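Everything on this sheet refers to the single structure shown next.
Number of protein chains: 4
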Amino acid sequence: MLRIALFGCGRIGRMHAGYVRAHPRAQLAWVFDVHRPAAEAVAAETGARVAETVEEALADPSVGAVLIASSTDTHVDLLTRSARAGKAVFCEKPIDLDIRKVDACWEAVRDLGVPIQIGFNRRFDPSFASLARRARAGEIGEVRQVIITSRDPDVPSDEYMKVAGGLLRDMTIHDFDMARFLLPEEPVAVFAVASALVDERVRRLGEHDTATVVLATASGKQAVITNYRRAVYGYDQRIEVVGEKGMLRAENRHPTTVEAWTAERTRARDPVLPFFVERYREAYAAELDAFVRAVLDGEPVPVTFEDGRAALRLADAAYESLATGRLVRLA
Amino acid sequence: MLRIALFGCGRIGRMHAGYVRAHPRAQLAWVFDVHRPAAEAVAAETGARVAETVEEALADPSVGAVLIASSTDTHVDLLTRSARAGKAVFCEKPIDLDIRKVDACWEAVRDLGVPIQIGFNRRFDPSFASLARRARAGEIGEVRQVIITSRDPDVPSDEYMKVAGGLLRDMTIHDFDMARFLLPEEPVAVFAVASALVDERVRRLGEHDTATVVLATASGKQAVITNYRRAVYGYDQRIEVVGEKGMLRAENRHPTTVEAWTAERTRARDPVLPFFVERYREAYAAELDAFVRAVLDGEPVPVTFEDGRAALRLADAAYESLATGRLVRLA
Amino acid sequence: MLRIALFGCGRIGRMHAGYVRAHPRAQLAWVFDVHRPAAEAVAAETGARVAETVEEALADPSVGAVLIASSTDTHVDLLTRSARAGKAVFCEKPIDLDIRKVDACWEAVRDLGVPIQIGFNRRFDPSFASLARRARAGEIGEVRQVIITSRDPDVPSDEYMKVAGGLLRDMTIHDFDMARFLLPEEPVAVFAVASALVDERVRRLGEHDTATVVLATASGKQAVITNYRRAVYGYDQRIEVVGEKGMLRAENRHPTTVEAWTAERTRARDPVLPFFVERYREAYAAELDAFVRAVLDGEPVPVTFEDGRAALRLADAAYESLATGRLVRLA
Amino acid sequence: MLRIALFGCGRIGRMHAGYVRAHPRAQLAWVFDVHRPAAEAVAAETGARVAETVEEALADPSVGAVLIASSTDTHVDLLTRSARAGKAVFCEKPIDLDIRKVDACWEAVRDLGVPIQIGFNRRFDPSFASLARRARAGEIGEVRQVIITSRDPDVPSDEYMKVAGGLLRDMTIHDFDMARFLLPEEPVAVFAVASALVDERVRRLGEHDTATVVLATASGKQAVITNYRRAVYGYDQRIEVVGEKGMLRAENRHPTTVEAWTAERTRARDPVLPFFVERYREAYAAELDAFVRAVLDGEPVPVTFEDGRAALRLADAAYESLATGRLVRLA
């Protein structure tokens, strides 16, 4: 049984708490939040104890792992302290918005020998995971192009956008990770265009809501990411991989298989699952399970600190491309 | 070049005239209709001559074939006279509504040695034809069940219904032929239920608009036909065949492949092709081509007089089943 | 919290035990099986106690409900004793294979005032449930035809077939319930054909593997069920409902949304979920949840004893139809 | 009736001749090819006369239009001479590979007042045309992103590649036109990456087979084109347009609607239409019809000389982007 301390009891933290509760080999031991009522709410749902301080939870020798779901600016500090306390760490993405802080963190924790997993949940989506497995097993031979469609149902609040680090570090970062997950080689060059088309709020914040990003590997394999932040038909998450022997693609998911054929609509499906909480339900459960197995069974961590860092570097390079209009090569 | 005389220049006759015009090896020589302006209209579109009488067209030795698209009650007479004149005959379905007349006709023409083809156009639909070919080629092994969905967009006019011979002889007859086309053995037993649910007009005429028919072969293979006469979403024509090694099914056809994803509808297609004229366009052209090849090249007639008779017998048996509530066995 | 005693710890009982374990408001208190090691295995997985006898579990006043998943021939006895002990009862389908025993059981329990739910799990499948809800909400107006496709991946063992009561009482019974669930009126007439086509074993047992059943209501609405017992492509479970304003249909479910496009296959999906345990996972959880709410919250039982009886009556009538070749009218 | 002279009787010319033959308002008057037997073959199929020289055909006052389907390097000369002879011109794409020649040609012909149409056939594909019409009619509000998938089934011959002007001028040029057709504003900036991954022959010729191109408009709308030259599953032609109120997408086309469900493949369709001759059959007929209507009825030319030039400019800019790694802005 893996006893876990949860740091951060907001929307995402509470969601993770639910998956821990449902996992047969995990148990929520402590919860902490700077806003104590949030921690108390999760404690009430799960039977966990509310920690007065992070230290209190880290001091408990029965705690084997920490799950960091607090605000991004606290990740590096909590991750470092948890790792130094000898705890395995699951940290939500992104590690930080500043690559230098990420690098410093890595210096501090890399030799501590604790498993560290970053929360790129989409790798665990049954469809995307199956597509990746099949591609790796050679079903379509060498992979040459990856096309990722990633559209949010709506623009976030101004408050969210102000601290999220920009579209490419907040939203596209998942797609950077997915491109790395699916390309047969590391991308070494990035190009991006982005604009604010869907809401005046986005423009006022100097932010983007519509973006196209191209990645290239040394041998010329390519990935394309298209992002959009107001898909009125719902959370649009699709992947297509083209290779030597064919194509694999994963389509959107609908709650049911029902089709309507009426005078007004033909063969219409029910709306796609609305947003990440619903769409990636199985993925969140599976990423937790992979973490539990990494800690308890010594299996390899499926999404490493380096993976978290690499996605951030691609986001930084994409911003450089936006600024310069150039294909930016990673050193 | 096959010179053809067309008898009957109503909606269906005019449609056939268009396919003859477009066929590289066929030519419309004569047209005849009891309502002369109808014949003149087709003549104007095709360059055919208007015949004063059926005899005038049949007397033309350059005419190799007759296409009968007149009202059902004239089929047997025209078919017999045409065959006796040594012309190949393409006759629209049904041959007649009275099996005894059909049998008498057969006695009169069977030994004349002219090709006679009945207009069961659906066998020539690219999807249904492909499904049948693949099933016969063994892709799903022995065929055990055939499921035919056949729904009209709307109830016909009272005038039409009064002379059409009833739902099972008019509409289901196509499905009886399709069942025979796809079953590996002749059906030997028929069961039917039918009701009038969609329009008071249907009930007043003692007619049906909603029917389910089951066919069984001697070894126990089964076919099911479901009919409905007001599919508000369009002409619904689908087939499914289940066998030893799997299932083949042919879905509806849409004019384009466009899907709409909006707040109101998800993955919605454009409406299906509205009715038989559009849905079976390729089928009508292909059945004519098969007829031309049968006459000019001596290829086998793909839908024979006996096929026309067999479908009518199934319709008669289905009416007997309706009346008796029994599975009716064909002698 | 609803404390439940489970009678029958075979495959189905064990499966139900898992759903009880996962339910936040239910707890497995006792397990019993005539084969004690089976009960012990489930007890080990769930923390339930092994009852020496049925009485021991029924005597526990903290037990609020009994879940009967034992062999069919024990259902009536266990159901009656449990209801007399004042326990709410969830009983797997069928109640019994003999309608007289079912009727006697009903006489014994109907006035005891305990909730009794029968295990027609398919009503709770998210797609079928959604289809039913939408049909009832009037999306397609009055329902006129229901088409149910229900194919098993393979023929069961001889041992299973010998005690299962025949295809129509064992497999089709689910479809009878579904037809009743979806038709706007009770079916009053039944017709069936059935044969043994897929395996010599089936024929030797005098059993069937391929069946077509037609149901009709008093006003002429129709349902068609097609059954087949060796769908080599997997468990095929589909429903189509046609009405005044259109059609709703629920397609098969696949584990992922991945499509393969290769030289060998075009747009191919992964295989459907293999059998009922996988296909109806959400349905089993939802039917348990409905039962818990019926017992704890006084909500109406969604599948009643009468529903269980009605499906059996339809099966009996279908067998009479098979024997007589007649449309059998229910008294 | 529009009498047409066809210049160029190779594969494409012969194909166009067939569409002229089938058009009710067009007639093939003359055919010319530097390789006379090619012209004679088309003449034999169509009843056209073989012209000894281009002049002979242009001198015929009954000829209303010229269809240029000869090798690309002859287009500008033939187009200019035909326009000077007062003939309407349909010219296959590209006008030329050299933008300066295209500009000089335009100077020579722009004031002659003859209709000139360029052969971007894909605008006339029923699905793409419908998608464009619906997008313009506002079904998805303002268009923000266009995603074009365009994959050839295989790499062309070395001979073809040597004269075709490179992937971006030969294959992508269709997609540049499509992007312009679908974007609500002219693209003003282009970025491209391309590589040779699928065949050593491609690399040896300094050519590309795998490309990703991004276009941007002044206000930030984006188009993405992905090209690949060995889609072993067939000619892959899809379009997706995302806008304010949703998404429209056009999928690939299959010859039939048949699906196979077997132990080896689930829900598999038949292969897509193999290449442009089959896939764009309706499109070729419709573009000819639009040309006939432009000439005979004075309707606007749907694909202008300027459209042909604009696509070439985008290709040139894309090559500049390839060379510089920059987003290239059009003057």
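Chains as they are written, first to last, in the working numbering: chain D, 72 to 402; chain W, 72 to 402; chain X, 72 to 402; chain C, 72 to 402.
For every residue, glycine included, the Cβ atom is placed at its ideal position computed from N, Cα and C.
These numbers come from a predicted model, not from an experiment.
Review point. Terminal residues of the continuous beta strand (DSSP E) containing X:Cys162?
Key: Reading the third sequence from its first residue, position 91 is the one you call residue 162 of chain X. It spans Ala159 to Cys162 - the beta strand (DSSP E) in which X:Cys162 sits, taken as one unbroken run.
Check your understanding: Looking at D:Ala110 and D:Arg74, is the spacing between their C-beta atoms short of 7 Å?
Key -> Within the first sequence, the letter at position 3 stands for residue 74 of chain D. Within the first sequence, the letter at position 39 stands for residue 110 of chain D. Not in contact: D:Arg74 and D:Ala110 (Cβ atoms no closer than 7 Å).
Practice item. Return the chain-ordered ranges of every beta strand (DSSP E) run that is complete within the segment 284 to 359 of chain W and spans a minimum of 3 residues. Key: 293 to 299, 307 to 314, 317 to 321 and 329 to 333
Exercise for review: Using a cut-off of 7 Å between C-beta atoms, extract the partners of X:Ala287 located in chain W.
Suggested key: As a first step, residue 287 of chain X must be located in the third sequence, where it is residue number 216. Ordered by position in chain W, the residues that pass the 7 Å Cβ test against X:Ala287 are Val264.
Check your understanding: Measuring CA to CA, which of C:His146, C:Leu385, C:Pro95 and C:Gly190 is closest to C:Phe347?
Key -> Position 276 of the fourth sequence holds residue 347 of chain C. Nearest C-alpha to C:Phe347: C:Gly190.
Point to revise | Where D:Pro197 meets chain X, residues with beta-carbon distance less than 7 Å | key: Position 126 of the first sequence, counted from the first residue, corresponds to residue 197 of chain D. Neighbours of D:Pro197 on chain X, chain order: Pro326 and Thr327.
Check your understanding: What distance in whole Å lies between the Cβ atoms of W:Met249 and W:Ile310, which are believed to be in contact at a cut-off of 8 Å?
Key -> Residue mapping note: residue 310 of chain W aligns to position 239 of the second sequence, counting from 1. Residue mapping note: residue 249 of chain W aligns to position 178 of the second sequence, counting from 1. Confirmed, about 7 Å.
Check your understanding: Shorter than 7 Å from the beta carbon of D:Met318 to some beta carbon of chain X?
Key -> One-based indexing of the first sequence puts residue 318 of chain D at position 247. By this cut-off, D:Met318 is an interface position.
**Study point:** Boundaries (first-last residue) of the beta strand (DSSP E) holding X:Pro373
**Key:** Position 302 of the third sequence, counted from the first residue, corresponds to residue 373 of chain X. Where X:Pro373 is concerned, there is no enclosing beta strand (DSSP E), given that its DSSP letter is neither H nor E.
Check your understanding: Which residues of chain C have a Cβ atom closer than 8 Å to the Cβ of X:Val399, listed in chain order?
Key -> Taking the third sequence and counting its residues from 1, the one referred to as residue 399 of chain X is at position 328. Here the premise fails: no neighbours, minimum Cβ distance about 33 Å.
Review point. Skipping 5 residues on each side, what residues in its chain have a beta carbon closer than 7 Å to that of W:Phe247?
Key: Counting from 1 along the second sequence, the entry for residue 247 of chain W is found at position 176. Around W:Phe247: Ala382, Leu385 and Ala386.
Point to revise | 6 Å CB neighbourhood of W:Val214 in its chain, flanking five on each side removed | key: By 1-based counting over the second sequence, the position of residue 214 of chain W is 143. Once the five neighbours on either side are set aside, the close Cβ partners of W:Val214 are Ala206, Pro255, Val312 and Gly314.
Exercise for review: Would you kindly check if the distance between the Cβ of D:Val180 and the Cβ of D:Thr151 is under 7 Å?
Suggested key: Mapped onto the first sequence, residue 151 of chain D falls at position 80. Mapped onto the first sequence, residue 180 of chain D falls at position 109. Yes, these two residues count as a Cβ contact at 7 Å.
Review point. Considering only C-alpha positions, which residue in the set D:Asp360, D:Thr328, D:Val137 and D:Asp144 is nearest to D:Ala235?
Key: Residue mapping note: residue 235 of chain D aligns to position 164 of the first sequence, counting from 1. The shortest Cα separation from D:Ala235 among D:Asp360, D:Thr328, D:Val137 and D:Asp144 belongs to D:Asp144.
**Study point:** Separation of C:His106 from C:Ala130, as counted between CA atoms
**Key:** As a working mapping, residue 130 of chain C is identified with position 59 in the fourth sequence. As a working mapping, residue 106 of chain C is identified with position 35 in the fourth sequence. Between C:Ala130 and C:His106, the C-alpha separation is close to 21 Å.
Review point. Are any of the Cβ atoms in chain W nearer than 7 Å to that of C:Leu202?
Key: Taking the first residue of the fourth sequence as position 1, residue 202 of chain C is located at position 131. It does; some Cβ of chain W falls within 7 Å.
Review point. Quick one: is X:Ala331 near chain D, going by C-beta distance under 7 Å?
Key: In the third sequence, residue 331 of chain X corresponds to position 260, counting from 1. For X:Ala331, the answer is yes, since a Cβ of chain D falls inside 7 Å of its Cβ.
Review point. Do X:Ala136 and X:Phe103 have their CB atoms nearer than 7 Å?
Key: Within the third sequence, residue 136 of chain X is the residue found at index 65, counting from 1. Within the third sequence, residue 103 of chain X is the residue found at index 32, counting from 1. No. Outside cutoff.
Exercise for review: Check each residue of the segment 332 to 354 of chain D: if its Cβ is closer than 9 Å to any Cβ of chain W, include it; give the result in chain order.
Suggested key: Trp332, Thr333, Ala334, Glu335, Arg336, Thr337, Arg338, Ala339, Arg340, Asp341, Pro342 and Val343
Exercise for review: Enumerate, from N- to C-terminal direction, the unbroken beta strand (DSSP E) stretches of 3 or more residues contained entirely within the segment 161 to 230 of chain W.
Suggested key: 187 to 189 and 214 to 222
Check your understanding: If you drop the 5 nearest sequence neighbours on each side, which residues of the same chain put their C-beta closer than 7 Å to that of D:Asp223?
Key -> Against the first sequence, residue 223 of chain D aligns to sequence position 152. Closer than 7 Å at the Cβ level, and outside the excluded window around D:Asp223, lie Met242, Arg300, Ala302 and Tyr306.
Exercise for review: Please compile the residues from chain X whose C-beta is within a distance smaller than 9 Å of the C-beta of D:Ile211.
Suggested key: Taking the first sequence and counting its residues from 1, the one referred to as residue 211 of chain D is at position 140. Result: Ala331, Trp332 and Thr333.
**Study point:** CB contact below 7 Å: W:Glu322 versus chain C
**Key:** Locating residue 322 of chain W in the second sequence gives position 251, counting from the first residue. Yes, its Cβ sits closer than 7 Å to a Cβ of chain C.
**Study point:** Minimum Cβ-Cβ distance from W:Gln293 to chain X less than 7 Å
**Key:** As a first step, residue 293 of chain W is located in the second sequence; it is residue number 222 there, counting from the start. W:Gln293 counts as touching chain X.
Exercise for review: Identify the contact partners of C:Tyr304 in chain X, using a Cβ-Cβ distance below 7 Å as the criterion.
Suggested key: Working through the fourth sequence from its first residue, we reach residue 304 of chain C at position 233. What C:Tyr304 touches in chain X: Trp332, Thr333, Ala334 and Thr337.
Review point. If you pair each beta-carbon of the segment 318 to 332 of chain W with each one of the segment 328 to 348 of chain X, do three or more pairs fall below 8 Å?
Key: no
Exercise for review: Quick one: residues in its chain with C-beta nearer than 7 Å to the C-beta of C:Ala267, no 5 flanking neighbours on either side, listed in chain order?
Suggested key: By one-based count along the fourth sequence, residue 267 of chain C stands at place 196. Val273, Arg274, Glu278, His279 and Asp280.
Review point. Short check: CB of X:Pro373 to CB of X:Ala361, under 7 Å?
Key: Reading the third sequence from its first residue, position 302 is the one you call residue 373 of chain X. Reading the third sequence from its first residue, position 290 is the one you call residue 361 of chain X. The answer is yes: Cβ separation under 7 Å.
Practice item. Please classify X:Lys292: is it buried, with 16 or more other beta-carbons within 10 angstroms of its beta-carbon, or exposed? Key: Sequence index remark: in the third sequence, residue 292 of chain X carries index 221 (1-based). Burial call: buried.
Practice item. Determine which residues share a DSSP beta bridge with D:Arg120 and list them. Key: Translated into positions along the first sequence, residue 120 of chain D becomes position 49. Paired residue(s): D:Trp101.
**Study point:** Any C-beta of chain C under 7 Å from that of D:Leu254
**Key:** Residue 254 of chain D sits at position 183 when you count from the first residue of the first sequence. False, the Cβ-Cβ gap to chain C never drops below 7 Å.
Exercise for review: Indicate whether at least one CB of chain X lies closer than 7 Å to the CB of W:Tyr299.
Suggested key: Position 228 of the second sequence, counted from the first residue, corresponds to residue 299 of chain W. It does; some Cβ of chain X falls within 7 Å.
Check your understanding: On the three-state DSSP scale, how would you describe D:Pro258?
Key -> On the first sequence, position 187 is the one that residue 258 of chain D refers to. DSSP places D:Pro258 in strand when its eight states are reduced to three.
Exercise for review: Quick one: grab the DSSP three-state call for C:Val264.
Suggested key: Sequence index remark: in the fourth sequence, residue 264 of chain C carries index 193 (1-based). Strand at C:Val264.
Practice item. Compute the distance between the beta-carbons of D:Ser392 and D:Ala263, then report whether it is under 7 Å. Key: Residue numbering aside, residue 392 of chain D sits at position 321 when the first sequence is read from its first letter. Residue numbering aside, residue 263 of chain D sits at position 192 when the first sequence is read from its first letter. Contact: yes.
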